[in-house]
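> Protein chains in written order, with the working numbering: chain A, 1 to 193; chain B, 194 to 564; chain C, 565 to 850.
Glycine is no exception: its CB is placed at the ideal position from the N, C-alpha and C atoms.
1. Answer yes or no: does any C-beta atom of chain B fall closer than 8 Å to that of residue 607(C)?
2. Under a Cβ-count criterion, where at least 16 other Cβ atoms within 10 Å of its own Cβ denotes burial, should residue 453(B) be classed as buried or exposed?
3. Where do the ends of the beta strand (DSSP E) carrying residue 577(C) lie?
4. Given a limit of 7 Å on CB to CB distance, which residues of the segment 760-771 of chain C reach chain B?
5. Along the alpha helix (DSSP H) that carries residue 243(B), what are the first and last residues, could you check?
6. Taking the alpha-carbon of residue 282(B) as reference, which of 428(B), 258(B) and 549(B) has the nearest alpha-carbon?
7. Can you pull the chain C residues whose beta carbon is under 8 Å from the beta carbon of residue 88(A), in chain order?
8. Looking at C-beta atoms only, is the number of pairs between the segment 595-608 of chain C and the segment 504-514 of chain B that lie closer than 8 Å three or more?
9. When we look at the beta-carbon of residue 381(B) and count the other beta-carbons within 10 Å, is it buried (16 or more) or exposed?
10. For the segment 771-782 of chain C against the segment 708-718 of chain C, do three or more pairs of beta-carbon atoms, one drawn from each stretch, fall closer than 8 Å, so that the two count as touching?
11. Using a beta-carbon distance cut-off of less than 7 Å, what residues from the segment 624-643 of chain C approach chain B?
12. Just to confirm my understanding: we take residue 580(C), look at its own chain, exclude 5 residues before and 5 after, and list those with CB closer than 8 Å. What are they?
13. For residue 386(B) and residue 372(B), what's the separation of their Cα atoms in angstroms?
14. Whether or not the segment 454-472 of chain B and the segment 480-493 of chain B are in contact is what I'm after, with contact meaning three or more pairs of Cβ atoms, one per stretch, closer than 8 Å; do they touch?
15. 8 Å is my cut-off, CB to CB: does residue 189(A) come that close to chain C?
16. Output, in chain order, the set of chain B residues within a Cβ distance shorter than 8 Å of residue 832(C).
17. Between residue 63(A) and chain C, is any beta-carbon pair separated by less than 8 Å?
18. Kindly indicate the opening and closing residues of the beta strand (DSSP E) around residue 704(C).
19. State the Cα-Cα distance for the pair residue 197(B) and residue 729(C), rounded to the nearest angstrom.
20. Are three or more beta carbon pairs between the segment 424-438 of chain B and the segment 282-301 of chain B nearer than 8 Å?
21. Which residues does DSSP pair with residue 447(B) in a beta bridge?
22. Could you name the residues of the same chain whose beta carbon sits closer than 6 Å to that of residue 150(A), not counting the 5 residues immediately before and after it, in chain order?
23. By Cβ distance, which residues of its chain are closer than 7 Å to residue 163(A), with the 5 residues on each side in sequence left out?
24. Pull the bridge partners of residue 168(A) from the DSSP assignment, please.
25. So for residue 759(C), helix, strand or coil by DSSP?
26. In chain C, what lies closer than 8 Å to residue 382(B) by C-beta?
27. Could you check which residue in 38(A), 48(A), 107(A) and 165(A) has the C-alpha nearest to that of residue 137(A)?
28. Can you tell me which residues form a DSSP beta bridge with residue 664(C)?
29. Looking at the C-beta of residue 532(B), does it have a partner C-beta in chain C at a distance below 8 Å?
30. Return no unless some Cβ of chain C is closer than 8 Å to the Cβ of residue 569(B).
31. With DSSP collapsed to three states, give me the class of residue 197(B).
32. Inspect the beta-carbon positions of residue 746(C) and residue 589(C) and report whether they are closer than 8 Å.
33. Rank 110(A), 159(A) and 181(A) by C-alpha distance to the C-alpha of residue 188(A) and give the top, closest one.
34. Suppose you measure from the CA of residue 201(B) to the CA of residue 502(B); what does that come to, to the nearest Å?
Laid out in structure tokens, this is it:
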């Protein structure tokens, strides 16, 4: 038996908000401050197609002050209801979003997202990119948080190179796959080798 | 062996116990109650509510008692408490035109519709110590006036003739909610709504001195008190889901609007301009000072010259108006700084040694030999 | 008053601080504005560090708090007690055992490791503030990476004193971009900022700013080719543990002005003494 839609919207959150949010945040912080490292993020069971890791990111970071863009495929009624109930984040267009959620193809063109201003580079979007594959192979990463170099399975190289080229402006990216997450801040240099 | 100021835990506990004892004072003297402070120290309570940004007279009175009468410390207690409170929504703007007035005076007209209402003012008291107050006793009964109706604001009379700049018309349907100083970090340059928020919770003494400096010529704006009014206004919230407006209760506020000379600019004819002050509680000095500072800060918008006066410098005023920020940072210099001091000590010793070397090298050889 | 939320702050406030921390990590050295809350301790006494720590703490953390390098200075004791009460976390004085270290004015002597977070309390986060008091101006200078004023100041020092006369809060450049105030640590500690395996977070409560240095990030102390940066300390060894490489406190011991030098990092000194190291005065103390 499946639950009715309203029931699904109400379930799947953290059972102990302060503690699970703290644990979830530290995992996200770890991932973003060590680009290329992959962390586990449990505790959230959002409706498909949202991954548990992306669900946990939403519970940790989103609320009614954080406009969210749901890319096609993630803008299902069930997911909208879940996000509304658990975070209260207003759903907005890509251009005005502080956070965006979707697969890499669905988020295109990423040039729409806020990259901050010269005075306030922090006013840039964070993309939560759902992927089928997340491992330490592929694009080579250098920069803050990386001792020598690291590798991460990126959906493409060029977009992230272009994003870094605008540093200190640019969006920041969290890749999610099942209950795993990796971070790629705009400060990371990306090479295809 | 010498041990630096360490072993803190017990010292801190002992200091707190000593503080509690000192706060109580001589135990043979009856202890103050919170209602006594609330009723008899009402203006101190009002200041703590205004600068603490929390309208609760009992909590303010408690804070004053706990702070041993140190009002900035009491304001700090209220702020730290306030910040933990959940936020359910924002009220509608209060309408001071419907105020139940206890005091209302205008300096710009001999009489105004509704009359000059002195209310409970110190203004014409002779400042002679009243030794009768040292003894207990009931004050003489004050005569009761008939209840006053709503009074139109004085500015509206000038408005009708076009002699004063119009107030921007509020449009509740499409106006964005004003920014909230306590929820978003101050960004400069700050719009007027944000400036007024900062001034409303700013330190009374700081605003007083700034306003005074403008009167003495540092950014002068020629103000008249168009109107000063004190009384109760209703606080209401809208519940859009229910299509209802609910009255939460009434609060006392002090409002001051100044009428300022303005000789006109290239684009605008001569017209009076406004400075505005609104403070929670009965807080006349603060409201007047606020309206002078507000007006002075509007120089750019009105196309006036900056004379470089402190009161015209929005960043200077806004960054230094908050007494909780100011007192914390000021007093933190009594915390240990010996690590930084040590690095300065080394630097000064090294620079002195270098200077000494330099001097002795310049001494002629003969003299050096004679020493 | 009832029970506090875990780590005192409400969840909405923690989310806001956490978002600011992530942006700070993404733009190393840039000061992210955040809506600092009033804390139950005065501004200037570590409210920024306390808010950052509160937003980072997990129940399984081991927290160390130091002020001037010492665990037992009064303000360190007070902040540690605050988190024991509101977050019920374990505390430690051992640098190596701590997962989060909140500090005022020092970086511990023991090298930090991956997985640790060092939280600095910052009074004035803007390195250009003493050269240009206006926020509107300094923000523009950072935006344009226009740091000539800072170099000019340092150069004037050299012209006047023969060396750069800044001994603490010595300005650094992070990852080749933002000039950053490392908080008032002695410049002796500056080299430890660079390429550190731990994450370094900086919180300024009154000034409403959070900034970060991610692990393994290059942090350069500003200098000139002909006047390279030198980390300095008192030319002595610790009188208790004999270490001649640690930062020292100078303590006046009597009215005749006699003095001794002891490690400012109390955990470092205690660990060395426990391991049998002795200093010039250790014998007398018995």
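Let's see:
1. With 8 Å as the cut-off, residue 607(C) counts as an interface residue toward chain B.
2. With 16 or more other Cβ atoms within 10 Å, it is buried.
3. Under the DSSP assignment, residue 577(C) falls outside any beta strand (DSSP E), being part of the alpha helix (DSSP H) whose first and last residues are 575-590.
4. Residues of the segment 760-771 of chain C with a C-beta less than 7 Å from any C-beta of chain B: 770, listed in chain order.
5. Its alpha helix (DSSP H) spans residues 235-245.
6. Among 428(B), 258(B) and 549(B), the Cα nearest to that of residue 282(B) belongs to 428(B).
7. Within chain C, no residue comes near residue 88(A); the closest Cβ sits about 10 Å away, beyond 8 Å.
8. Counting Cβ pairs under 8 Å, fewer than three are found: no touch.
9. The residue is exposed, with fewer than 16 neighbouring Cβ atoms inside 10 Å.
10. With a cut-off of 8 Å, the segment 708-718 of chain C and the segment 771-782 of chain C do not count as touching, because too few Cβ pairs lie within range.
11. Flagged, chain order: 631, 632, 633, 634, 636, 637, 638, 639, 641 and 642.
12. Taken in chain order, the residues that qualify are 598 and 599.
13. Cα atoms of residue 386(B) and residue 372(B): separation of roughly 7 Å, rounded to the nearest angstrom.
14. The answer is yes - the segment 454-472 of chain B touches the segment 480-493 of chain B, with three or more Cβ pairs under 8 Å.
15. No, its Cβ sits nowhere closer than 8 Å to a Cβ of chain C.
16. Near residue 832(C) there are no residues of chain B at all, since even the closest Cβ is about 14 Å away, more than 8 Å.
17. Yes, residue 63(A) lies at the interface with chain C (some Cβ there is under 8 Å from its Cβ).
18. No beta strand (DSSP E) holds residue 704(C); the alpha helix (DSSP H) holding it covers 699-707.
19. Bear in mind that the predicted position of residue 197(B) carries a pLDDT of just 40, short of 50, making it unreliable; the figure below should be weighed with that in mind. Separation of residue 197(B) and residue 729(C) (C-alpha to C-alpha, rounded to the nearest whole angstrom) is 28 Å.
20. Yes: the two stretches touch, three or more of their Cβ pairs being nearer than 8 Å.
21. According to DSSP, which records beta bridges pairwise, residue 447(B) is partnered with 423(B) and 472(B).
22. Setting aside the 5 residues that flank it on each side, residue 150(A) is surrounded in the same chain by 36 and 141, each with a C-beta closer than 6 Å to its C-beta; the list follows chain order.
23. Closer than 7 Å at the Cβ level, and outside the excluded window around residue 163(A), lie 170, 171 and 186.
24. BP columns for residue 168(A) are empty, so no partner.
25. In this structure, residue 759(C) counts as coil in the three-state DSSP scheme.
26. In chain order: 700.
27. The candidate whose alpha carbon is nearest that of residue 137(A) is 38(A).
28. Beta-bridge pairing links residue 664(C) to 627(C) and 681(C).
29. Closer than 8 Å to some Cβ of chain C, the Cβ of residue 532(B) qualifies, so yes.
30. One cannot answer for residue 569(B) here, as it falls past the ends of chain B, which runs 194 to 564.
31. Here the model assigns residue 197(B) a pLDDT of 40, short of 50, so the residue's position is not dependable, and the following value carries that caveat. Here DSSP, grouped into helix, strand and coil, assigns residue 197(B) to coil.
32. No, they are not a contact pair.
33. Of 110(A), 159(A) and 181(A), the smallest CA-CA separation from residue 188(A) is found for 159(A).
34. It is roughly 46 Å from the alpha-carbon of residue 201(B) to the alpha-carbon of residue 502(B).
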